[in-house]
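Q:
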Amino acid sequence: MKRIMLNTNVYCRPFDNLTNKNIKEEAESADFIFSLAHQNMVDLISSDVLYEEVDLIEDKAKNESVYYLIKSVEKERVTTNETVIELADALNKIIKDYNDCLHIGFAVIGKCSSLVTCDHELIAKRSKIERFLLSKDSVLNIKTPPEFISDY
217 MKRIMLNTNV YCRPFDNLTN KNIKEEAESA DFIFSLAHQN MVDLISSDVL YEEVDLIEDK
277 AKNESVYYLI KSVEKERVTT NETVIELADA LNKIIKDYND CLHIGFAVIG KCSSLVTCDH
337 ELIAKRSKIE RFLLSKDSVL NIKTPPEFIS DY
């Protein structure tokens, strides 16, 4: 069973403005991933940073919708520990957004094969991030939702 972690933006994507073609494609792919989770074909792993970011969503309806979506598909939640923080601190030299560093740290500690994201900075830097993780004896693929579905 594939263990994957979704960045917060993937959970939010179905609730975004879908008039943009790329956003709509990401939303449809995200919905397909949620469907795979409901069918027990992938295990979606969540994390403390995911819940912290959802708490920051100001739109109450979107906040509640994203929260309930996560609760309906998550198989397991990884909690913060020293190893996650150390890995995130090391990644912060490559990635500007510390929460993205935490997402990657949680995905590695959660033994996920992939981190699925709509974050263009992470996608642009994925080769560098994946090489860095490999140097730490960790393998994590960083993919967009459409890439994950295509490779699935």
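In the numbering used here, the protein residues as written are 217 to 368.
Note that beta-carbon positions come from the ideal geometry of N, C-alpha and C, so glycine has one too.
The model shown is predicted, which means the values in this text are computed figures rather than measured ones.
1. Beta-carbon within less than 7 Å of A323's beta-carbon, same chain only, minus the 5 sequence neighbours each way: which residues are those?
2. Contact between the stretch 270 to 281 and the stretch 310 to 320: three or more CB pairs below 8 Å?
3. Bridge partners for V258 per DSSP, in chain order?
4. Roughly how far, in whole angstroms, is the beta-carbon of E242 from the beta-carbon of P362, given that I think they are within contact range, below 8 Å?
5. Identify, in the order they occur along the chain, each residue of the same chain with its Cβ nearer than 6 Å to the Cβ of S245, setting aside the five sequence neighbours on each side.
6. Ends of the alpha helix (DSSP H) at S329?
7. Ignoring anything shorter than 4 residues, give me the alpha helix (DSSP H) runs that lie fully in the stretch 245 to 312, in order along the chain.
8. Here's a check: name, in chain order, each residue in its chain whose Cβ is nearer than 6 Å to the Cβ of V258, leaving out the five neighbours to either side.
9. Cutting at 6 Å between CB atoms, please list the residues of its own chain near S263, excluding the five before and the five after it.
10. State the Cα-Cα distance for the pair K352 and Y227, rounded to the nearest angstrom.
11. Quick one: what's I358 bridged to in DSSP?
12. Determine the DSSP secondary structure at Y314, reduced to helix, strand or coil.
13. Can you check whether the CB of T224 is closer than 7 Å to the CB of L272?
A: Inspection of the coordinates gives the following:
1. Taking the sequence shown and counting its residues from 1, the one referred to as residue 323 is at position 107. Cβ neighbours of A323 beyond the five flanking positions: M221, L331 and L356.
2. No: the two stretches stay apart, fewer than three of their Cβ pairs being nearer than 8 Å.
3. Here residue 258 corresponds to residue number 42 of the sequence shown, with the count starting at 1. Under the DSSP definition of a beta bridge, V258 partners with K218.
4. Taking the sequence shown and counting its residues from 1, one reaches residue 242 at position 26. Taking the sequence shown and counting its residues from 1, one reaches residue 362 at position 146. About 7 Å separates the beta carbons of E242 and P362, which is inside the 8 Å limit, making them a contact pair.
5. Counted from its first residue, the sequence shown places residue 245 at position 29. Correct list, in chain order: P361, P362 and I365.
6. What you label residue 329 is simply residue 113 of the sequence shown in a count that begins at 1. Looking at the DSSP string, S329 is not in any alpha helix (DSSP H), and its letter there is neither H nor E.
7. Listed in chain order, the complete alpha helix (DSSP H) runs (minimum 4 residues) inside the stretch 245 to 312 are 264 to 271, 276 to 289 and 298 to 307.
8. Here residue 258 is taken as the residue at index 42 of the sequence shown, counted from 1. K218, I220 and L252, listed in sequence order.
9. Locating residue 263 in the sequence shown gives position 47, counting from the first residue. Annotation for S263: V294 and F322 place their beta carbon closer than 6 Å to its own, counting only its chain and skipping 5 residues before and after.
10. The sequence position of residue 352 within the sequence shown is 136, counting from 1. The sequence position of residue 227 within the sequence shown is 11, counting from 1. Whole-angstrom Cα-Cα distance: 28 Å.
11. Here the question's residue 358 lines up with position 142 in the sequence shown. Partner residues in the beta bridge of I358, as assigned by DSSP, are L331.
12. Taking the first residue of the sequence shown as 1, we reach residue 314 at position 98. Three-state DSSP puts Y314 in a helix.
13. Locating residue 272 in the sequence shown gives position 56, where the first residue counts as 1. Locating residue 224 in the sequence shown gives position 8, where the first residue counts as 1. In this structure, T224 does not lie closer than 7 Å to L272 by Cβ.
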